[in-house]
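Novice: Chains as they are written, first to last, in the working numbering: chain W, 123 to 227; chain R, 123 to 227.
2 protein chains.
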Amino acid sequence: MNYSQAMIRSEILKALAHPARVLIVHALTGGDRCVRELNALMNIDQSNISRHLAVLKRAGIIADRRDGMRVFYHLKAPCILKALKCAVEVMKNDASSRNILLQER
Amino acid sequence: MNYSQAMIRSEILKALAHPARVLIVHALTGGDRCVRELNALMNIDQSNISRHLAVLKRAGIIADRRDGMRVFYHLKAPCILKALKCAVEVMKNDASSRNILLQER
DNA sequence: GCACTATATGCGCATAAGCACATAAGGTCA
DNA sequence: TGACCTTATGTGCTTATGCGCATATAGTGC
Chain W
123 MNYSQAMIRS EILKALAHPA RVLIVHALTG GDRCVRELNA LMNIDQSNIS RHLAVLKRAG
183 IIADRRDGMR VFYHLKAPCI LKALKCAVEV MKNDASSRNI LLQER
Chain R
123 MNYSQAMIRS EILKALAHPA RVLIVHALTG GDRCVRELNA LMNIDQSNIS RHLAVLKRAG
183 IIADRRDGMR VFYHLKAPCI LKALKCAVEV MKNDASSRNI LLQER
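Laid out in structure tokens, this is it:
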């Protein structure tokens, strides 16, 4: 694998690497959601939700569809769930160092 | 899922979200490697390799083992490969927007 | 047109991440 | 011990991210 391939992969991972975006992706596994619904679901400023959605869209992870005033978002790449599950596995396999990590921030 | 769970997951994803670290993980799928070998493999300053390794170790993705002067690193969580494969799938499913992404930087 | 709802974006600021360079720390072997 | 090899870390700097706030853009319906 060369560096530019690695760059593309890291772009996608980077798009997922934010707690709010993890929450958004998780919420979208339950079906399409519009910005307002996501906003109600988590305690984050609407403008930031929009920005996080833009990041995920830009990475090709989600897509949008307008319906009247609202814009609904849905997952484009179901494999994303595997990536998130992987994170959970790492967490389980490594409870001790994880605690350290949590302590330090 | 709550915010702190999402934070833990995002920490792990963040650890993977850098081209150099993607390359490192990829290299480690071929077996243990010491810092010098990784350094020879990719064209990155040794001090940065060490730092990237520290990030991955801190996230519980890799572990190290000293052998004489050298420190060998190995993958701790094989599921990481699924996360990387996912990135590839997104890339394939979304070649067009990916091109845009590449153009813009 | 106007008022209203929903979503996106511009801007300034604070903080985090990444880098290159120098150097410290840990280990080997003559 | 001293010369050497390998890996980690301190420092200063630049750039990227994320945030809140205000405001723009888009659509609906009176």
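Beta carbons are placed, not taken as given, at the ideal position from N, Cα and C, and that holds for glycine.
Decide if R/A162 is buried, meaning its Cβ has at least 16 other Cβ atoms within 10 Å, or exposed.
Specialist: Translated into the one-based positions of the second sequence, residue 162 of chain R becomes position 40. Per the 10 Å Cβ criterion, exposed.
Novice: Whole-angstrom Cβ separation of R/N215 and W/K198, contact assumed at under 8 Å?
Specialist: Against the second sequence, residue 215 of chain R aligns to sequence position 93. Against the first sequence, residue 198 of chain W aligns to sequence position 76. Rounded, the Cβ-Cβ distance is 7 Å, consistent with contact.
Novice: Considering only their Cβ atoms, is the gap separating R/L206 from W/R180 smaller than 8 Å?
Specialist: Stepping through the first sequence from its first residue, residue 180 of chain W is reached at position 58. Stepping through the second sequence from its first residue, residue 206 of chain R is reached at position 84. Cβ distance not < 8 Å, so W/R180 and R/L206 don't count as in contact.
Novice: Quick check on the DSSP output: the alpha helix (DSSP H) that includes W/A139 runs from which residue to which?
Specialist: Working through the first sequence from its first residue, we reach residue 139 of chain W at position 17. Run containing W/A139: none; DSSP gives neither H nor E here.
Novice: Is there a Cβ of chain R sitting closer than 8 Å to that of W/S172, yes or no?
Specialist: In the first sequence, the residue the question calls residue 172 of chain W occupies position 50. Not an interface residue.
Novice: Please determine, among W/R188, W/M191, W/H196, W/H140, the residue with the shortest C-alpha to C-alpha distance to W/G182.
Specialist: Against the first sequence, residue 182 of chain W aligns to sequence position 60. With distances taken between Cα atoms, W/G182 lies closest to W/H196.
Novice: Do R/R192 and R/R158 have their CB atoms nearer than 8 Å?
Specialist: Position 70 of the second sequence holds residue 192 of chain R. Position 36 of the second sequence holds residue 158 of chain R. Contact: yes.
Novice: Tell me the DSSP secondary structure of R/C156 in three-state form.
Specialist: As a first step, residue 156 of chain R must be located in the second sequence, where it is residue number 34. In this structure, R/C156 counts as strand in the three-state DSSP scheme.
Novice: DSSP on W/A181, reduced to helix/strand/coil?
Specialist: The residue given as residue 181 of chain W occupies position 59 in the first sequence. Coil at W/A181, not helix or strand.
Novice: How about R/L138: is its C-beta nearer than 8 Å to some C-beta of chain W?
Specialist: Within the second sequence, numbered from 1, the residue matching residue 138 of chain R stands at position 16. With 8 Å as the cut-off, R/L138 counts as an interface residue toward chain W.
Novice: Do you know how far the Cα of W/E211 is from the Cα of R/C156?
Specialist: Residue numbering aside, residue 156 of chain R sits at position 34 when the second sequence is read from its first letter. Residue numbering aside, residue 211 of chain W sits at position 89 when the first sequence is read from its first letter. C-alpha separation (whole angstroms): 25 Å.
Novice: Are any of the Cβ atoms in chain W nearer than 8 Å to that of R/C156?
Specialist: Position 34 of the second sequence, counted from the first residue, corresponds to residue 156 of chain R. No, its Cβ sits nowhere closer than 8 Å to a Cβ of chain W.
Novice: Rounded to whole angstroms, what's the CA-CA distance from R/V147 to R/N170? Just pull it up for me.
Specialist: If you number the second sequence from 1, residue 147 of chain R lands on position 25. If you number the second sequence from 1, residue 170 of chain R lands on position 48. In a straight line, the C-alpha of R/V147 is about 15 Å away from that of R/N170.
Novice: Please list, in chain order, the chain W residues whose beta carbon lies closer than 8 Å to that of R/D216.
Specialist: Your numbering for residue 216 of chain R matches position 94 in the second sequence. Those within 8 Å of R/D216 in chain W are G182, K198, A199.
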